[in-house]
Amino acid sequence: DIQMTQSPSSLSASVGDRVTITCRASQGTSNYLAWYQQKPGKVPKLLIYAASTLQSGVPSRFSGSGSGTDFTLTISSLQPEDVATYYCQKYDSDPPFTFGPGTKVDIK
Amino acid sequence: EVQLVESGGGLVQPGGSLKLSCAASGFTFSGSAMHWVRQASGKGLEWVGRIRSNADRYATAYAASIKGRFTISRDDSKKTAYLHMNSLKTEDTAVYYCTSIDYWGQGTLVTVSS
Chain A
1 DIQMTQSPSS LSASVGDRVT ITCRASQGTS NYLAWYQQKP GKVPKLLIYA
51 ASTLQSGVPS RFSGSGSGTD FTLTISSLQP EDVATYYCQK YDSDPPFTFG
101 PGTKVDIK
Chain S
1 EVQLVESGGG LVQPGGSLKL SCAASGFTFS GSAMHWVRQA SGKGLEWVGR
51 IRSNADRYAT AYAASIKGRF TISRDDSKKT AYLHMNSLKT EDTAVYYCTS
101 IDYWGQGTLV TVSS
């Protein structure tokens, strides 16, 4: 099975900072990679699918890139409402559709 | 408006069974693969399993941690997906979400305890 890792596991940044989260798959997963945001006490929300396609209604400060085994989620200008845990998930045709362990983002 | 509403959670003893339901509205349920994802308190998201649509012969797939104990089914006429859970263990305690990936329910809490 493909294993998903994320780095860092947590980060603290200032409002307006550029934030980058990395997700790595143990084997190539093409572009079938999604990113989710889960705010404290809330349901996960899809941010990006197909590695780089922004879900409808998601602010444009979020972007995704990468392919194969290495993927990145970038928040171009961190806002207070972005405090959350971010998860990547591979969802290609070959289950299991494993989630990464998550990256917790806080405001400094 | 898209809605996914889970129900059926509760307290069950180890070794017991429970059936969760996920009622969908506001989108083409019959054409959508449906997943179950769980989250133990303070922990990350864990994919549980998936059932595809009729076009893909309702193919199912499961996480290794629950394979052989949990079964996913669906009733397209009722726009409802189900998670049948047997031989429950304390480590199955979690909030269980149903999701079409782009839409998520609010979750239902399953507590396995004696």
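Heads up: the sequence lines are chains A and S, in that order. Residue numbers for the first sequence follow the working numbering, beginning at 1 and rising by one. Residue numbers for the second sequence follow the working numbering, beginning at 1 and rising by one. Glycine is no exception: its CB is placed at the ideal position from the N, C-alpha and C atoms. Note that the structure is predicted; figures quoted are calculated from it, not measured.
Burial is judged here by how many other beta carbons sit within 10 angstroms of a residue's own beta carbon; Arg57 (chain S) has fewer than 16 and is exposed. By alpha-carbon distance to Ile107 (chain A), the top candidate from A:Pro96, A:Val83, A:Leu54, A:Gly64 is A:Val83. Below 8 Å, too few C-beta pairs join the region 82-102 of chain A and the region 8-23 of chain S to call them touching: fewer than three. Contacts with chain A at 8 Å (Cβ-Cβ) do not include Gln3 (chain S). In this structure, the straight-line span from the alpha carbon of Val58 (chain A) to that of Lys43 (chain S) is close to 25 Å. Listed in chain order, the non-local C-beta contacts of Lys19 (chain S) below 8 Å within the same chain comprise Gly8, Tyr82, Leu83, His84, Met85, local neighbours out to five positions each way being set aside. Boundaries of the beta strand (DSSP E) harbouring Gln6 (chain A): 4-7, taken from the DSSP string. For Gly102 (chain A), at least one C-beta of chain S is nearer than 8 Å to its own C-beta. Contacts between Gly44 (chain S) and chain A, judged by CB atoms closer than 7 Å, involve Tyr87, Phe99, Pro101, Gly102 in chain order. Counting along the chain, Val83 (chain A) sits inside no beta strand (DSSP E), nor does DSSP assign it H or E at all. Look at the region 22-55 of chain A: the residues with a C-beta under 9 Å from a C-beta of chain S are Ala34, Tyr36, Gln38, Val43, Pro44, Lys45, Leu46, Tyr49, Gln55. Here Ser73 (chain S) has Tyr82 as same chain residues with Cβ atoms under 6 Å from its own Cβ, once five neighbours each way along the sequence are excluded. Your pair Ala34 (chain A) and Tyr91 (chain A) checks out as a contact, with CB atoms roughly 6 Å apart and the cut at 8 Å. Within the region 27-71 of chain S, the complete beta strand (DSSP E) segments at least 3 residues long are 34-39, 46-51, 60-62, listed from N- to C-terminus. With respect to the C-alpha of Leu47 (chain A), the residue from S:Thr108, S:Val110, S:Ile101 having the closest C-alpha is S:Ile101. In terms of beta-carbon proximity, Pro95 (chain A) lines the interface with chain S, with at least one pair separated by less than 8 Å. Within chain A, no residue has its CB atom less than 8 Å from the CB of Gly9 (chain S), the nearest being about 15 Å off.
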